[in-house]
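Below: one structure, written as structure tokens.
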Amino acid sequence: MSEPLLRLEGVFTDIEQYHILQGVDVAVPAGEVTMLLGRNGAGKTTTLRTIMGLWRARQGRILLDGRDIAALPTPVIARAGVALVPENMGVFSDLSVEENMVLAAVSGPLDRARLDWIFSVFPPLKTFWKLPAGNLSGGQKQMLSVARAVCEERKLYLIDEPSKGLAPAIVGTLVKALKDLKAAGATILLVEQNFSMARALGDHVAVMDDGRIVWTGAMATLAADPALQEKLMGLSMEGGHG
Amino acid sequence: MTELAPEHRPTFSRASLADRLSPHAPVLLLLALAALGWLAIDQQSSWLTLTVSGLAMGMMIFTMAAGMTLVFGLMDVINFGHGAFVSVGAFVGVTALMLMPGMTAEASIWLNGFAVLLAVACAMLATGVMGYAFERVIVRPVYGAHLKQILVTMGGLIVVEQLIYVLWGPVEIFIERPAAFQGAITFAGAALEKYRLVAVALGLVVFLALRLTLKRTRIGLIVRAGVENGEMVQALGYRIERVFIGVFVAGSALAGLGGVMWGLYEQVITAHMGQETMILVFIVIIIGGLGSVEGCFIAALMVGLLQNYVAFLAPKAALISNIGLMAAILMWRPQGMTPVVKAK
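So the protein sequences, as listed, match chains A and B. Sequential numbering of the first sequence, starting at 447, is according to our numbering. Sequential numbering of the second sequence, starting at 8, is according to our numbering.
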């Protein structure tokens, strides 16, 4: 396991009167894919949003490359190299696909080589390049959301349930794209409910429950142990629930 | 898991006529309104005069409303104090004009035009600075609280009006337009006031400049995206609050420009003129669709045309014509003519 690029130490986050994160400790190794798993309401999305600064940690440290980013504004965190693919995709419907991409390229014009790669993994984005993003299907919007995050090289990708509500074939396309990204040495923290996708991509796993990390380890360990899966998440991927 | 999405080869079927016309419905409605006016008004010369007058009025309302609709769309702020910028702009602009009698008395289009441009620059500078202070002191503490926004911005409006009384006195000020903009020209048998033609041209320039900025520049892209989903714009790395301050200042300056134009149109200015124009401004931004500059532009022209046509045909109905228009449009499109999708 390589040195962690991101480390959360005792992070507590409240949303109004609710204590959602209650001391999250997790490390995300550089150049690898860490899966954040857990049942609905465990605090996975809140963890990503807290890292991104969209919700503020009441307590604890969020270290990116050794620098505490917990109190930084969201745009500063983004420019420090953190990209977010939110659960609701966050696509700008009134803007064209091209405008969505241009906006995501914060450091300058879109890189041609990177754009060619994006078009090769997500061909519909090329087809609908000039059309309003609101006209895209759910799967195509998810492709655009991921493409926006990867249109420039980032230190860390936070991806929240990319397979949610998508057809298996579209999920396959996303998995291929994320595998390409992983092969290029990207560091990814991925929230996912689809265990097949998690198993296909993940190197490490952190399982959450009730706002805490309850188990961390290698994906291979979790994948090989149905009893552990049942214990941690109340499911067995061998049993066909995933 | 290895299965990929099939290669995408979409076929685009020919959309129905209704589907193709739907995005252009607001423009078609505006043209239909002008055509209806043409049918209802016997004399073509009267129709032309009223149409130019309506367009001029619409352009001025648009200039005042454009900033407000963007401010609402971008940061969800209801600024009832927007009328204060209109009044201050009018007073500063008119004062500047009064300080240049040598440039406004003689009927020279260049001298008069330069004087008006200087007056407009003074008004926009003053209202821009005032907008910055207004946002920092009055609006910033009440982000996300609509009721408080209404209360404090109304309070801000009252304070500014009282300050105008202190600085310029309580009496309304009558203005004479620069000599070159007085009188009318005759075209196709219709008398067209020169100033109204200037107002139409100026309004068109403002609209095109705004549209160009919003569609062709990165800052415009950020504003449009921010109107839809400010949180995501921040997550991409843009400081939306700085963009908002910029939009607030620009919107305030535009209101100041609208104030000068409106003052020269009415040829009288009062401290509460901004408050009075706000009724039309609110109607326009609601009809247009909150946050939509294009919708605001078309709505302003519709309001201007309808008010002038109805005032000519049935003067007693003029007061309710715009409320009727708003009710009809909202029954057709409850979010306004060109609503901006919001993810907030």
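Heads up, the beta-carbon is just placed ideally off N, CA and C, and yes, glycines get one too.
Think of a sphere of 9 Å around the beta carbon of VAL552 (chain A): the chain B residues whose beta carbon falls inside it are LEU243, GLY244, TYR245, in chain order.
Residues of chain A with a Cβ closer than 7 Å to the Cβ of GLU235 (chain B) are, in chain order, PHE538, SER539, ASP540. In the structure shown, THR277 (chain B) adopts coil according to DSSP, grouped into three states.
Interface annotation, ALA73 (chain B): not in contact with chain A, CB-CB separation never under 7 Å. Nearest CB-CB separation between PRO521 (chain A) and chain B: below the 7 Å threshold. Using a CB distance cut-off of 7 Å, LEU228 (chain B) counts as an interface residue toward chain A.
With respect to GLY585 (chain A), ILE616 (chain A) sits close: the two C-beta atoms are nearer than 7 Å.
Taking every protein chain shown into account, the CB of ASN486 (chain A) has fewer than 16 other CB atoms within 10 angstroms, so this residue is exposed. Put simply, the backbone Cα of ALA550 (chain A) is about 52 Å away from that of PHE319 (chain B).
Annotation: PHE194 (chain B) is outside any alpha helix (DSSP H); the continuous beta strand (DSSP E) that includes it extends over 191-194. Shown here, SER542 (chain A) sits in a strand according to DSSP, grouped into three states.
Runs of beta strand (DSSP E) with 3 or more residues, each lying fully within the stretch 519-580 of chain A, are found at 528-531, listed in chain order. Cβ-Cβ separation between ALA72 (chain B) and ALA242 (chain B): approximately 30 Å, too far for a contact (criterion under 8 Å). Distance between ASN546 (chain A) and PRO475 (chain A), taken at the CA atoms: about 30 Å. Contact between the stretch 147-161 of chain B and the stretch 286-305 of chain B is not established, with fewer than three Cβ pairs separated by less than 8 Å. Each of B:MET309, B:ALA152, B:ASP49 was checked against the Cα of VAL84 (chain B), and the nearest Cα belongs to B:ALA152. Listed along chain B, the residues sitting closer than 7 Å to GLU545 (chain A) by beta-carbon distance are LEU228.
Listed along chain A, the residues sitting closer than 9 Å to VAL347 (chain B) by beta-carbon distance are ASP540.
In the three-state reduction of the DSSP assignment, TYR603 (chain A) falls in the strand class.
Pairwise C-beta distances place the stretch 335-350 of chain B out of contact with the stretch 99-110 of chain B, as fewer than three of them are shorter than 8 Å.
Not a single CB atom of chain A sits nearer than 7 Å to the CB of ALA25 (chain B).
Shown here for GLU478 (chain A): same chain residues with a beta carbon closer than 7 Å to its own, the five before and five after excluded, namely SER448, THR633, ASP649, HIS650 in chain order. Nearest CB-CB separation between ARG507 (chain A) and chain B: not below the 7 Å threshold. The beta-carbon distance between LEU332 (chain B) and VAL127 (chain B), rounded to whole angstroms, is 30 Å. This is too long to meet the 8 Å contact definition. Any Cβ of chain B closer than 7 Å to the Cβ of ARG525 (chain A) would place that residue at the interface, and such an atom is present.
The DSSP-derived three-state label of ASP626 (chain A) is helix.
According to the DSSP secondary-structure assignment, GLY663 (chain A) is paired through a beta bridge with A:VAL651.
ARG225 (chain B) sits exposed, since fewer than 16 C-beta atoms from the chains shown fall within 10 Å of its C-beta.
By the neighbour-count definition (other C-beta atoms within 10 Å, threshold 16), LEU571 (chain A) is a buried residue. Selection A:PRO450, A:THR662, A:GLY611, A:VAL596 evaluated against VAL531 (chain A) yields A:VAL596 as nearest (Cα-Cα).
Boundaries cannot be given for GLY244 (chain B), as no alpha helix (DSSP H) includes it and DSSP labels it neither H nor E. Annotation: ALA41 (chain B) to VAL205 (chain B) spans about 20 Å, alpha carbon to alpha carbon.
When the Cα atoms are used, GLY210 (chain B) and MET66 (chain B) turn out to be separated by approximately 5 Å. The beta carbon of LEU199 (chain B) is closer than 8 Å to those of LEU55, THR56, VAL59, ALA191, ILE192, THR193 in its chain, skipping five residues each way along the sequence. In this structure, the beta-carbon distance from ALA130 (chain B) to VAL99 (chain B) falls below 7 Å. According to the DSSP secondary-structure assignment, ARG658 (chain A) is paired through a beta bridge with A:ASP655.
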